[in-house]
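If you read the sequence shown in the working numbering, its first letter stands for residue -12, the second for the next number, and so on.
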Amino acid sequence: MKKYLIIKLVMLLLNYGCSSDEELIEPRNSFTRIYETQQFSDRYEPLAIVQTADSGYLTLSKTEQWKAHLFKSSDEGISQWEMTLGETLVNPLPHLFAQDSGFVMFGMNELSQSLEVYAVNPTTGTVDQINTISNIKYPLAAHRTADNGWIFLGYDRESRSSTLHAYNNTFAEIWSESYGAEEDVEEYVINHIAGVGSALPFFVGTSGNHVYFNGFYNYSFSLVFANKSNGEIAGTLHGYRDESVINALHPTSIGQYALAQSKFGQGALLSNATVSEQTIAVGSDLPTVDFNEIDENARVIIKEITQAGQEIILYGTQTKRRQLVFYAYAKESGELISINYLGQTNPYLLGDFTVTGDGGLVVAAETYVAGRFSRLQLFKLSKPEFSAWFK
């Protein structure tokens, strides 16, 4: 016993001696947590995660197929409060936008199908409706512009059109435009909103003088470019129906994009695609690189980060084995730097990720306990753990 205690003391002294040269990994720096509930049938599909002013985390999820669920945890991942929003708010859009001391989120009124705007205070755990925009129906995506305005993507069932709407920072309309779908796609839109079957990769954004959206146009699910000042159509990158589509896009410079494709279920990436916003082209002609391990029709998230002074394009998604996988590319050269995995014991579906204030990474995912019960999970990597991905 004495020999064991001496060995243990020596190990502790060695660890203490190393702590002056290496960062001490505390619970707030690195953790993995699964959040249990009392109902076996509960399901949480995370859509967005942000870090709050107190260094904690706010997660937005879908639950009960299309209701909005908010969950606040501390910087150590300890649960602080959670809330499922009222009966009429459904279809939360997958973003939480920082505003004042809190966040703004968007969803749909179940009865009128109009866009609703809510303010979330993570400190008090309160959520307040601040606006209803009745002329945006079936809202599908939202984007904040560089001047703090807004671009929204919707769908008009009467005209069978995808719709774009530009608003200023006080939600006064600047312009709106429609883009006709030549086939009746309302069933696809409703199924997406209601959480029936696979979700479609609707998104909207801006690049230079253009606004773009991913949605139904003509005879396919396409990437459409329009003039940012009035919505007049400029060019398209056509998919094939809803089976060969762009499913994530991130502008890196004018005419250059990092993107992901789903080609009949097969995942493919291209970190430095040249795309002309003013021509008509076909997405399947892009020289994307197939990644056979990416799960069929998986959600892909692309973010631009900086590590040790290097600009990185970081892709997140999940594999066919339902591990979380992250592909890191050098922005300047487009070269693949590393492939990194999270999650070993359970199946996982990626929700969102963000770089934290301490230089680490936090990831929100849906996991299945015992392979059956859907639960929310957070992974928090410390700065040294995350930095090791890029060495």
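We put the CB at the ideal spot given by N, CA and C, even for glycine. Just so we're clear, the structure is a prediction, and the values are computed from it rather than from any experiment.
Could you tell me whether the Cβ atoms of residue i and residue j are closer together than 8 angstroms?
i, j, result
"residue 70", "residue 43", "no"
"residue 256", "residue 276", "yes"
"residue 47", "residue 98", "no"
"residue 260", "residue 273", "yes"
"residue 270", "residue 210", "yes"
"residue 289", "residue 337", "no"
"residue 324", "residue 377", "yes"
"residue 81", "residue 94", "no"
"residue 153", "residue 141", "no"
"residue 254", "residue 16", "no"
"residue 88", "residue 40", "yes"
For a test of the three-state rule: what should DSSP assign to residue i, helix, strand or coil?
i, result
"residue 199", "strand"
"residue 192", "strand"
"residue 77", "strand"
"residue 325", "strand"
"residue 373", "helix"
"residue 10", "With a pLDDT of only 48 at residue 10, under 50, the local geometry of the prediction cannot be trusted, and the value read off the model is given with reservation. Residue state, collapsed to three classes: coil."
"residue 405", "Not covered by the structure: residue 405. The range shown for the chain is -12 to 378."
"residue 178", "helix"
"residue 173", "helix"
"residue 43", "coil"
"residue 239", "strand"
"residue 103", "strand"
"residue 131", "strand"
"residue 331", "coil"
"residue 108", "strand"
"residue 146", "coil"
"residue 316", "strand"
"residue 294", "strand"
"residue 82", "coil"
"residue 65", "coil"
Using the Cβ count rule (16 or more neighbours within 10 Å means buried), how would you classify residue i?
i, result
"residue 124", "buried"
"residue 139", "buried"
"residue 202", "buried"
"residue 49", "buried"
"residue 308", "exposed"
"residue 109", "buried"
"residue 122", "exposed"
"residue 365", "buried"
"residue 353", "buried"
"residue 306", "buried"
"residue 248", "buried"
"residue 258", "buried"
"residue 293", "exposed"
"residue 358", "exposed"
"residue 119", "exposed"
"residue 129", "buried"
"residue 332", "exposed"
"residue 60", "buried"
"residue 344", "exposed"
On a CA-only basis, which of the options is nearest residue i? Give me that one, please.
i, options, result
"residue 413", "284, 373, 360", "Since the first residue shown for the chain is -12 and the last is 378, residue 413 is missing from the structure and cannot be characterised."
"residue 167", "309, 355, 317, 148", "148"
"residue 184", "96, 258, 305, 53", "53"
"residue 252", "280, 121, 334", "280"
"residue 25", "360, 215, 172", "360"
"residue 92", "56, 66, 100", "56"
"residue 195", "155, 227, 68, 262", "262"
"residue 37", "227, 357, 350", "350"
"residue 363", "161, 346, 292, 20", "20"
"residue 101", "157, 170, 180, 60", "180"
"residue 317", "295, 63, 330", "295"
"residue 197", "217, 187, 190", "217"
"residue 133", "303, 156, 41, 89", "156"
"residue 103", "89, 174, 127", "127"
"residue 199", "236, 187, 375", "236"
"residue 144", "177, 291, 268", "177"
"residue 64", "14, 106, 189, 107", "14"
State yes or no: is the C-beta of residue i nearer than 7 angstroms to some heavy atom of the ligand FMN?
i, result
"residue 173", "In the structure on display, the ligand FMN does not appear, and there are no ligands present to speak of."
I want to see whether chain C comes within less than 8 angstroms of residue i, judged by CB atoms only; does it?
i, result
"residue 233", "The chain labelled as chain C is not found in the depicted structure, where only one protein chain is given."
Measuring CB atoms only, is the region 302 to 313 touching the region 27 to 36, in the sense that at least three cross pairs come out at less than 8 angstroms? no
Is the region 235 to 245 close to the region 214 to 222, with three or more CB pairs under 8 angstroms? no
Under 8 angstroms, with one C-beta from each stretch per pair, do the region 194 to 212 and the region 74 to 82 reach the 3-pair mark? no
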